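The listed protein sequences correspond, in order, to chains A, B, C and D.
Per the UniProt record's numbering, the first sequence starts with residue 1, numbered consecutively.
Per the UniProt record's numbering, the second sequence starts with residue 1, numbered consecutively.
Per the UniProt record's numbering, the third sequence starts with residue 1, numbered consecutively.
Per the UniProt record's numbering, the fourth sequence starts with residue 1, numbered consecutively.
Number of protein chains: 4
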Amino acid sequence: MQSITTELVHQTITRRPAESHKGTYGRLMLIGGNQNFGGAIIMAATAAIYSGAGLVTVATDASNFTSLHAQLPEAMVVDYRQTAYVTQLLQTMDVIIIGPGLGTDQLAANLLTTVLTHVQAHQRLVIDGSALTLLAARQQSLPDAQIVVTPHQMEWQRLSGLKIADQTPTANRQAQQHLHAIAVVKAHHTTVYTNDRVWFNPGGTPAMATGGMGDTLAGMVGGFAAQFPDFTNAILSAVYLHSEVADDLAQSRYVVLPHQISAEIPKYMHRASLA
Amino acid sequence: MQSITTELVHQTITRRPAESHKGTYGRLMLIGGNQNFGGAIIMAATAAIYSGAGLVTVATDASNFTSLHAQLPEAMVVDYRQTAYVTQLLQTMDVIIIGPGLGTDQLAANLLTTVLTHVQAHQRLVIDGSALTLLAARQQSLPDAQIVVTPHQMEWQRLSGLKIADQTPTANRQAQQHLHAIAVVKAHHTTVYTNDRVWFNPGGTPAMATGGMGDTLAGMVGGFAAQFPDFTNAILSAVYLHSEVADDLAQSRYVVLPHQISAEIPKYMHRASLA
Amino acid sequence: MQSITTELVHQTITRRPAESHKGTYGRLMLIGGNQNFGGAIIMAATAAIYSGAGLVTVATDASNFTSLHAQLPEAMVVDYRQTAYVTQLLQTMDVIIIGPGLGTDQLAANLLTTVLTHVQAHQRLVIDGSALTLLAARQQSLPDAQIVVTPHQMEWQRLSGLKIADQTPTANRQAQQHLHAIAVVKAHHTTVYTNDRVWFNPGGTPAMATGGMGDTLAGMVGGFAAQFPDFTNAILSAVYLHSEVADDLAQSRYVVLPHQISAEIPKYMHRASLA
Amino acid sequence: MQSITTELVHQTITRRPAESHKGTYGRLMLIGGNQNFGGAIIMAATAAIYSGAGLVTVATDASNFTSLHAQLPEAMVVDYRQTAYVTQLLQTMDVIIIGPGLGTDQLAANLLTTVLTHVQAHQRLVIDGSALTLLAARQQSLPDAQIVVTPHQMEWQRLSGLKIADQTPTANRQAQQHLHAIAVVKAHHTTVYTNDRVWFNPGGTPAMATGGMGDTLAGMVGGFAAQFPDFTNAILSAVYLHSEVADDLAQSRYVVLPHQISAEIPKYMHRASLA
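Pasting the structure below:
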């Protein structure tokens, strides 16, 4: 098991080339946010945009459009019931995030099917939240694409079949190999399972133990994946910075709110890019 | 009569254990916010989340979903007209807050009945605002649960039958014993009546005399009750910090707005946890 | 013509008594904000609440509820089409503001009629914006109440019949006497016409020349009138502080936005209360 | 090719005359924001208002009213489907911005036709975003008015017929002469083509390469055009300050969000006005 290091983050987050435009930094679609959990997709989209993704579209329940735009005019929106339009847009994306606040009803299941059916080998896919519960219920192998799953321990239990007490690095590793996706198993110290290694995140604070923190991480993972060529390093850097920001904010706060993390991301990325 | 002290607050707000997750800090449901008073439930939910409650769901009029999410994506929402769903969710909660902006119509009365019928002995219940007016109109004893009522003096008059001029500590104590709930009687200096003592809150400023300040306190009481094992100390600490934050903000403000209190809570709790 | 002075403001904005509650600081209703001009009533309500009015209700088009609550949960709302309910609430108010973003259609005219019909002698009434245009079109004397009109120069022309070039202090004074209301004639240096005097506001900056600045002043005038016993001094103090805040903000800004004024009011009032 | 200079900006942004009112600083209408791209018109309107335009009306899809007002109460709104009302309002405007988030459907095309048909010689018109794509598809000469187009390189390709690799200053100049409008061609270093010169913007940072940055520039161009007599200098100053703010914010941020630019504009304009 190897610790994610500041050096790895600094090597990943490079200075942006002068000659570039928003397309250079990726097209990203988030899918989630039903009528009850709309906040989750707002928090994930906020994190993706503050992480620097170039063009962000949110496919969500139409009842979430206004609250999303009220705080995040930078995102575009599409009704996730417009299947044909969503499917068409999916082809144009570099990164897809599915799951934050998605729920587990038939519509949610259909959206996951759409994504798993249409995702292309060159695309990157983040599966989070409710989509992991849906995925666990299927006995289906993942399609050929660059995929990362971001479960907390209970979601990982559902997905891997490993009870929380049995989630040792070795067992997790084995489960991840079977899954054919990178696995970010969220805990006090998050561990990341890639094809050839087990990574350990040194940061993390119980001040992060609040609803929406995972949605924010999913958004960051997607945002980083939209910009940085090495998929694994993009994921590891997102995990590392997410907890580093939280650790710093927790120096003066009993609880850190998800949107407070997102607000800080551009500064932390800037510092990393200079080193 | 005994003053709430900084020491009590410091003993209550302990450092969070490293190995913990959002579930550790409680599931909390707020019920309130009709079509006219939606702001009240937004302010209460904001206070609960900034107090560190782990998972917060707001059962409210559907017309309030968007304004709530626009400033507080961290909350989940449910239409309080979906009685079956609300009742089902209630079973899973650690803390329930009913009343902020609830109103006193038939729907409100039915929601209060649902809560009083289904609340379980291990759950904690905060009854505030309009729900106190509804409660006063019933001649019904409270169910077996950990209950706190948070009336201002006029609401306490309705609930206790004591005219404001007659609300002496002794008389209040007697009324509270009859009620079988902890009573937080809000005034310039708030007093708290527990089963065995009368507590006096040393803080408080007329800069707090503005609409929504009570909703914010209700949210803090619920948020603290979701996290700290001793129910009485959780309540006393919320009362104390609520006025301490206000007193500090009033050093430079003629009036303190409720949302300004909430924004400060994580810092005050952090300081208390260090001491 | 006499200048409004810091001393007058300091004498008006007194320290709040310790034993007080939100009712002490007034019940205030704002009426305005149609489907096109909803922002105006939001800005006016914001100013009223940040000025310290105890309980603020906004009667507006229902389409404005969400945007209002998204930034100002402290306000209560009512659909201004619910005539019976609005009329009933009107009786309970200390201060009524009518006009910001109201428009001039039949509904607006009816609302003005309702207010002028039901306003009571002990109530205070601020007539602003579109309501002034409506008022100018009627040849009707004002009811017996404490009334202030807050026109800019063009609205004053409509109301007084005086062309802008003819709006000298003497002519304005005469028109005001005829109107039986205090008149705040907004200009680079605003003048205020009371029953016995003409007041001159020393502050003001062209950085205030932006949409919504007048709505903010109307909200401040109402908020101050809800709290301070002398109606004239309340108005004069609101006029003075409104431009004082703007002058200070304009030290570093080419244009001052209305909501930026409101955010500063509690601090300026606090300072005035100490002097 | 000539660099836009600080001196030019300082000469353009003059101190506001004391005797002035909101009408002095222009009436501006923005047209855009369909059901998917509502954020674009919010960002453009925000930039226009923070640039100091006196009275700003947004013609957009009605579903965007609430999110717009939730963050920008200073703007007025009108449903862009109310053709007669929009057309009537158009006559009263000093500046019109069409395009941010407008989309390219039939409604969008009709709105562009309405604007091009009704715009008057004394009015100023900013054509941006989707409206440029619509314009490129027509073989129609522009009407007699003060017009500026603000394409990024791909939009300029559509409009001018020049492939990105062929967009040399000389070729662009020729295309602009043919177009009969000032052209702001957005790139890492933006170039501006006026009737007699080619201007080069010295600022710009890849931290600006994010969705919405162009909408913000369009809003600034319109806001400046509403206030400053020389149309060319107004455009050049907006381009210059837009990137100057971004360059400064990028000193500490990996990505600069559009709304962060707008928040800074009043301070930068103030400084320019003093010099």
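In this text, a Cβ means the ideal position worked out from N, Cα and C, and glycines have one as well.
Keep in mind it's a predicted model, so treat the numbers as computed, not measured.
Here H180 of chain A has S141, L142 and I147 as same chain residues with Cβ atoms under 8 Å from its own Cβ, once five neighbours each way along the sequence are excluded.
In the three-state DSSP reduction, V239 of chain C falls in the helix class (H, G or I). DSSP, reduced to helix, strand and coil, places L28 of chain D within a strand of the structure shown.
For M93 of chain A, no chain D residue has a C-beta closer than 7 Å to its own C-beta; the minimum C-beta separation is roughly 13 Å. Note on G33 of chain D: 16 or more other CB atoms within 10 angstroms of its CB, so buried under the neighbour-count rule. Put simply, the backbone Cα of V86 of chain C is about 7 Å away from that of Y80 of chain C. The C-alpha of V78 of chain B is placed about 10 Å away from the C-alpha of L89 of chain B. Collapsing the DSSP output to three states places T113 of chain A in a helix. A218 of chain B and V119 of chain B do not touch by the CB rule: their CB atoms are close to 16 Å apart, not below 8 Å.
Here K163 of chain C carries a coil assignment [DSSP, helix/strand/coil]. If you check each beta-carbon in the stretch 68-91 of chain B against every beta-carbon of chain D, the ones closer than 8 Å belong to A70. For the stretch 180-211 of chain A, no residue has a beta-carbon sitting nearer than 7 Å to a beta-carbon of chain D. Unbroken alpha helix (DSSP H) stretches of 4 residues or longer found wholly inside the stretch 164-204 of chain A: 169-179, given in chain order. Looking at the DSSP output, T57 of chain D bridges to D:M29 and D:M76. When B:L257, B:N233 and B:S252 are compared, the shortest CA-CA separation from M208 of chain B is found for B:L257. For the C-beta of T66 of chain D, the chain B residues within less than 9 Å are, from N- to C-terminus, T66, S67 and A70. Under the 10 Å beta carbon count, F200 of chain D is surrounded by fewer than 16 other beta carbons and is classified as exposed. Interface with chain B (7 Å Cβ-Cβ cutoff): G38 of chain A is included. For Q123 of chain C, there is no enclosing beta strand (DSSP E), as DSSP gives it neither H nor E.
For the pair of segments examined, the stretch 246-254 of chain B was found to touch the stretch 260-272 of chain C: the number of CB pairs separated by less than 8 Å reaches three.
Contact annotation: in the stretch 221-244 of chain C, no residue has its CB less than 8 Å from a CB in chain B. The straight-line gap separating the alpha-carbon atoms of E19 of chain C and H189 of chain A is approximately 51 Å.
Nearest CB-CB separation between Y50 of chain A and chain B: not below the 7 Å threshold. Residue contact check for S20 of chain B against chain C: no CB pair falls below 7 Å.
If you check each beta-carbon in the stretch 246-260 of chain C against every beta-carbon of chain B, none falls closer than 8 Å. For Q11 of chain D, there is no enclosing beta strand (DSSP E); the residue is part of the alpha helix (DSSP H) that begins and ends at T6 to T12. By the rule that beta-carbons nearer than 7 Å mark a contact, H10 of chain D does not touch chain C. Only buried fits L55 of chain C, as 16 or more other CB atoms lie within 10 angstroms of its CB. Using a Cβ-Cβ cut-off of 7 Å, K163 of chain D does not count as an interface residue toward chain C, since no Cβ of chain C sits closer than that to its own. Looking at the DSSP output, S3 of chain C sits in a beta bridge with C:F200. Take the alpha-carbon of T113 of chain A and the one of A75 of chain A: they are about 24 Å apart.
M1 of chain D counts as exposed, since fewer than 16 other C-beta atoms from the protein chains shown sit within 10 angstroms of its C-beta.
Contact between the stretch 88-105 of chain A and the stretch 20-31 of chain A is present: 3 or more CB-CB pairs across the two stretches fall below 8 Å. Rounded to the nearest angstrom, the Cβ distance from A53 of chain C to Y25 of chain C is 6 Å, consistent with a contact under 8 Å. At a beta-carbon threshold of 9 Å, the residues of chain D lying near M43 of chain C are P73 and E74, ordered along the chain. V148 of chain D sits in a strand when the DSSP states are folded into three classes.
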